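Undergrad:
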Amino acid sequence: MTVILLRHGRSTANTARTLAGRTPGVGLDETGRAQADALVTRLDGLPVEALVRSPLLRCRETVEPLASALGLEPTIDEGLVEVDFGTWTGRVLSELAEEHIWSVVQQHPSSAIFPEGESMAQMAIRAVSAVRMHDRRLADQAGRDVLWVACSHGDVIKAVLADAYGMHLDHFQRIVVEPASVSVVRYTPHRPFVLRVNDTGGDLSSLRGEPAGHVSNATPTHAASDAVPGGNVP
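Every letter in the sequence shown is one number past the one before it in my numbering, and letter 114, counting from 1, is 114.
1. Buried or exposed for Asp135, going by 16 or more other Cβ atoms inside 10 Å?
2. Using only alpha-carbon positions, find the residue among His100, Lys158 and Arg144 that is nearest to Ala124.
3. Please determine if the segment 18 to 33 and the segment 50 to 70 are in contact, where contact requires at least 3 C-beta pairs separated by less than 8 angstroms.
4. Considering only the beta carbon of each residue, do Val149 and Leu51 sit closer than 8 angstroms?
5. Out of Leu46, Arg42, Thr12 and Ala20, which one is the CA nearest neighbour of Arg208?
6. Hey, quick one: how far does the alpha helix (DSSP H) through Thr2 stretch, first residue to last?
7. Expressed to the nearest angstrom, what Euclidean distance is found between the alpha-carbon atoms of Glu73 and Thr41?
8. My parser needs the beta strand (DSSP E) runs of 3 or more residues fully inside the segment 164 to 195; what are they?
9. For the alpha helix (DSSP H) containing Ala149, list its first residue and its last residue.
10. Following the continuous beta strand (DSSP E) through Leu51, name the residue where it begins and the one where it ends.
11. Kindly indicate the opening and closing residues of the alpha helix (DSSP H) around Ser68.
12. Let me know if Glu116 comes out buried or exposed under the rule of 16 or more other beta-carbons within 10 Å of its beta-carbon.
13. Which of helix, strand or coil does DSSP assign to Ala212?
Written as structure tokens, this is what we have:
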């Protein structure tokens, strides 16, 4: 099972350098709308069978062109929603950088709790749980591997990638996830394989091919789960 982790396109809050959080009505700016349209071409020809998104407007606007092109109705999941930044919501980033908790978020995010909001650890648990739940659900429904898209937010996607890497949440700030970027994780019985991170324009056609970790002479049970000694060969 392979999930394309899609961050929403550039939003009006991104360009204003404010922390949108869960503020209603924050949509894409002109660049973000162009990024959303470009995703249709980027994913063209890929056998995407399901779309799941955060309930926020910027994610809805990001997947609308893709959903229309694929003829799919996105599933909305609160587990993929942006971090609840509490009283930080709507504030200018340069001001927030002066506060003590900013340093905690940078150095020890696993212990960061936003004032009157949620903790980064809570966000990571619900985000990873949501992605893995949908992955199992789609596999059970189809009885085979499925390629699907989850559209969410920067820190949420970074938390899912950190889990796939087996990385402690305190190190997840090492991962970069830009607006409209694509990151790809394949879940297998043995381990997740991270196939792409922060891809903003590369060729995604390899996602049509054999699964990561494929070993041509291995038994079917292990073919999609084993890492190839010496490295995979396309």
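Ideal Cβ positions, reconstructed from N, Cα and C, are used throughout, including at glycine. All of these numbers come straight from a predicted model, not from anything done at the bench.
TA: Walking through what the data contain:
1. As a position in the sequence shown, residue 135 is number 135, starting the count at 1. It counts as buried.
2. By 1-based counting over the sequence shown, the position of residue 124 is 124. Taking only the C-alpha atoms, the option nearest Ala124 is Lys158.
3. yes
4. By one-based count along the sequence shown, residue 149 stands at place 149. By one-based count along the sequence shown, residue 51 stands at place 51. Yes, the Cβ-Cβ distance between Val149 and Leu51 is below 8 angstroms.
5. Mapped onto the sequence shown, residue 208 falls at position 208. Checking every option, the nearest Cα to that of Arg208 belongs to Leu46.
6. Reading the sequence shown from its first residue, position 2 is the one you call residue 2. Taken as a continuous stretch (DSSP letters only), Thr2 belongs to no alpha helix (DSSP H), being part of the beta strand (DSSP E) at Thr2 to Arg7.
7. Along the sequence shown, one-based indexing puts residue 73 at 73. Along the sequence shown, one-based indexing puts residue 41 at 41. Near 19 angstroms, if we compare the C-alpha coordinates of Thr41 and Glu73.
8. 182 to 187
9. For the purposes of this step, residue 149 is taken as the residue at position 149 of the sequence shown. In the sequence as presented, Ala is not what sits at residue 149; that position holds Val. No alpha helix (DSSP H) contains Val149, which is instead part of the beta strand (DSSP E) from Leu147 to Ser152.
10. For the purposes of this step, residue 51 is taken as the residue at position 51 of the sequence shown. Residues Val48 to Arg53.
11. For this step, residue 68 is matched to residue 68 along the sequence shown. Per DSSP, Ser68 belongs to the alpha helix (DSSP H) from Leu57 to Leu70.
12. Taking the first residue of the sequence shown as 1, we reach residue 116 at position 116. Glu116 comes out exposed.
13. Here residue 212 refers to the residue found at position 212 of the sequence shown. Here the model assigns Ala212 a pLDDT of 43, short of 50, so the residue's position is not dependable and the matter cannot be decided.
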